[in-house]
Amino acid sequence: MTIRRMDNVGIVVDDLDAAVAFFTELGMELEGRMPIEESWAGNVVGLDDMRSEIAMMRIPDAPGRIELAKYHRPTAITPEPEFAPANTLGLHRVMFAVDDLQSTLARLRPHCAELVGEVTRYEDSYLLCYLRGPSGIILALAEQLN
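In terms of the working numbering, the numbers along the sequence shown are unbroken and rise by one, the last being 226.
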């Protein structure tokens, strides 16, 4: 048995509209949006009486999707600490390769994006940064220099 592909990365958010706007500004497209509240979904994720809404975002003309989920019932839990540092165990960030890191940051700042550290050059190969967006989502951005 082999893995055929990675289908998507799921991210729980507190404001679905803000998260969709953020990832749209990054360059992703909204593939679809729908409520999820049947018992089968609660059985999959292990939550009783679950009601949520998801938005599937995709990278145009390339593989890669993000499933944004807003939980209406039960209410989403805020992690401790709310803005965990980079060495926190568990799923931490999603990295995107971009053509122009500074331009991408400028477009995302009006959508609540803040640098976690600073934009850093790795040798003559990459500009890299971590940024925090809506709902504390952490993205890494990488611009290849050569």
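Quick reminder that beta carbons are idealized off the backbone N, C-alpha and C, glycines included.
Note that the structure is predicted; figures quoted are calculated from it, not measured.
Problem set entry | Candidates Ser215, Ala193, Met175, Glu109: closest to Gln224 by CA position | The shortest Cα separation from Gln224 among Ser215, Ala193, Met175, Glu109 belongs to Met175.
Problem set entry | Cβ-Cβ separation, Ala135 to Arg173 (assumed contact under 8 Å), whole Å | The Cβ separation is near 19 Å, so there is no contact.
Exercise. Does the count of Cβ pairs from the segment 135-153 and the segment 98-118 closer than 8 Å reach three?
Worked result: yes
Exercise. Cα separation between Ala156 and Met130?
Worked result: Taken atom to atom, the span from the alpha-carbon of Ala156 to that of Met130 is near 11 Å.
Exercise. Helix, strand or coil: how does DSSP classify Pro165 here?
Worked result: In this structure, Pro165 counts as coil in the three-state DSSP scheme.
For this session: Count the CB pairs spanning the segment 184-193 and the segment 204-216 that are closer than 8 Å, and state whether there are at least three.
Result: Contact holds: three or more Cβ-Cβ distances are below 8 Å.
Exercise. What number of angstroms, rounded off, separates the C-alpha of Gln182 from the C-alpha of Val92?
Worked result: 27 Å
For this session: Sort Leu195, Glu133, Cys209 by Cα distance to Gly112 and report the nearest one.
Result: Distances from the alpha-carbon of Gly112 to those of Leu195, Glu133, Cys209 put Glu133 closest.
Exercise. How many Å lie between Glu160 and Thr168 at the Cα?
Worked result: 10 Å
For this session: Please name the residue or residues paired with Ala220 in a DSSP beta bridge.
Result: Met175, Tyr210
Problem set entry | Sequence-distant residues of its chain with Cβ nearer than 7 Å to Trp120 (five each side left out) | none
Exercise. Going by beta carbon distance, what residues of the same chain come within less than 8 Å of Gly197, once the five residues before and after it are set aside?
Worked result: Result list for Gly197: Cys209, Tyr210, in chain order.
Exercise. Thinking C-beta only, is Arg84 closer than 8 Å to Pro143?
Worked result: no
For this session: Thinking Glu109 and Pro154 are a contact (beta carbons under 8 Å), I'd like their distance in whole angstroms, please.
Result: That pair is no contact at about 30 Å.
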